[in-house]
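Everything in the sequence shown is counted per my numbering, starting at -17 for the first residue and increasing by one. The beta-carbon is built from N, C-alpha and C at its ideal position, and this holds for glycine as well.
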Amino acid sequence: MPSSEIPYKVTIAVLLILMETGRLIFGGIWWRRETKTQATEKGLPLLEAVLWLAAIATFAYLVTPWLDGFRLPFPPWLRWTGAVISLIGVVLFVWAHRALGRFWSPMLEIQPDHRLVTTGPYRHVRHPMYSTFFVICIGLSITSANWIVAVTWFGGFAVILRHRIPDEERMMIDEFGDEYREYMRHTGRLIPRMRG
-17 MPSSEIPYKV
-7 TIAVLLILME
3 TGRLIFGGIW
13 WRRETKTQAT
23 EKGLPLLEAV
33 LWLAAIATFA
43 YLVTPWLDGF
53 RLPFPPWLRW
63 TGAVISLIGV
73 VLFVWAHRAL
83 GRFWSPMLEI
93 QPDHRLVTTG
103 PYRHVRHPMY
113 STFFVICIGL
123 SITSANWIVA
133 VTWFGGFAVI
143 LRHRIPDEER
153 MMIDEFGDEY
163 REYMRHTGRL
173 IPRMRG
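Structural data, given as structure tokens:
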């Protein structure tokens, strides 16, 4: 492993640890309650597979030289800019988890006393966790300067766009009806809606 890669690899490892720590603290499994309804999970196995692939590729990048041959010729200033982008994404990711609290789940489900969360980043965007995941994908791809890492992370985001978001919105409409439709009129899906 070239010594010049070590600072980037350490930075990415720290960012991922911060992201996972924030998720565990604010979206903690210990808050989980009995599931009331379960939405379709047709996209869940694919999403899990793609995210595992991203995790394996990132782990291989971090601890082995196996993926060093797939490096992109990014200058140091660009790679450190990517680290800042990732940090912003991680902070926003934790904020979204904090706002959602115990209503977060890795599966699409409704809790027995579920309420529609419209505070924090959910005031402006319906899926801020996925928005921040996209920001983190960009940042980690630039920081790693490795196209294998980039492809696997963006593969996960593509599955989220194709399956997870449509399934989640159908579930929310089924559960909250007009309340969610009204919420959709005032918020963007992944980026804030421009006010007229």
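For the alpha helix (DSSP H) that contains residue i, what are its first and last residues?
{"i": "D95", "result": "From DSSP, D95 is part of no alpha helix (DSSP H); its letter is neither H nor E."}
{"i": "E150", "result": "I147 to F158"}
{"i": "I(-12)", "result": "I(-12) to F8"}
{"i": "W62", "result": "P58 to L82"}
{"i": "W135", "result": "W129 to V141"}
{"i": "M111", "result": "P110 to S126"}
Assuming residue i and residue j form a contact by the criterion Cβ under 8 Å, report the distance between their Cβ atoms to the nearest whole angstrom.
{"i": "P174", "j": "H106", "result": "4 Å"}
{"i": "G121", "j": "I38", "result": "Actually they are not in contact, since the Cβ atoms of G121 and I38 sit about 19 Å apart, beyond 8 Å."}
{"i": "T169", "j": "R84", "result": "Not quite, the Cβ-Cβ distance comes to about 22 Å (not below 8 Å), so this is no contact."}
{"i": "G138", "j": "H79", "result": "Not quite, the Cβ-Cβ distance comes to about 17 Å (not below 8 Å), so this is no contact."}
{"i": "N128", "j": "L49", "result": "6 Å"}
{"i": "L90", "j": "E150", "result": "6 Å"}
{"i": "T(-7)", "j": "A65", "result": "5 Å"}
{"i": "W86", "j": "P103", "result": "Going by Cβ atoms, the distance from W86 to P103 rounds to 13 Å, so no, they are not a contact pair."}
{"i": "L33", "j": "S113", "result": "No, L33 and S113 are not in contact; Cβ-Cβ is about 17 Å, not under 8 Å."}
{"i": "L69", "j": "K(-9)", "result": "No, L69 and K(-9) are not in contact; Cβ-Cβ is about 16 Å, not under 8 Å."}
{"i": "I92", "j": "E157", "result": "5 Å"}
{"i": "Y165", "j": "T101", "result": "At roughly 12 Å, the Cβ-Cβ gap does not stay under 8 Å, so Y165 and T101 are not in contact."}
Looking at residue i: is its Cβ nearer than 9 Å to the Cβ of residue j?
{"i": "L98", "j": "M153", "result": "no"}
{"i": "I142", "j": "L0", "result": "no"}
{"i": "F75", "j": "F41", "result": "no"}
{"i": "I130", "j": "L60", "result": "no"}
{"i": "G51", "j": "I118", "result": "no"}
Taking 9 Å as the CB-CB cut-off, is residue i touching chain B?
{"i": "I118", "result": "You won't find chain B in this structure, because it holds only one protein chain."}
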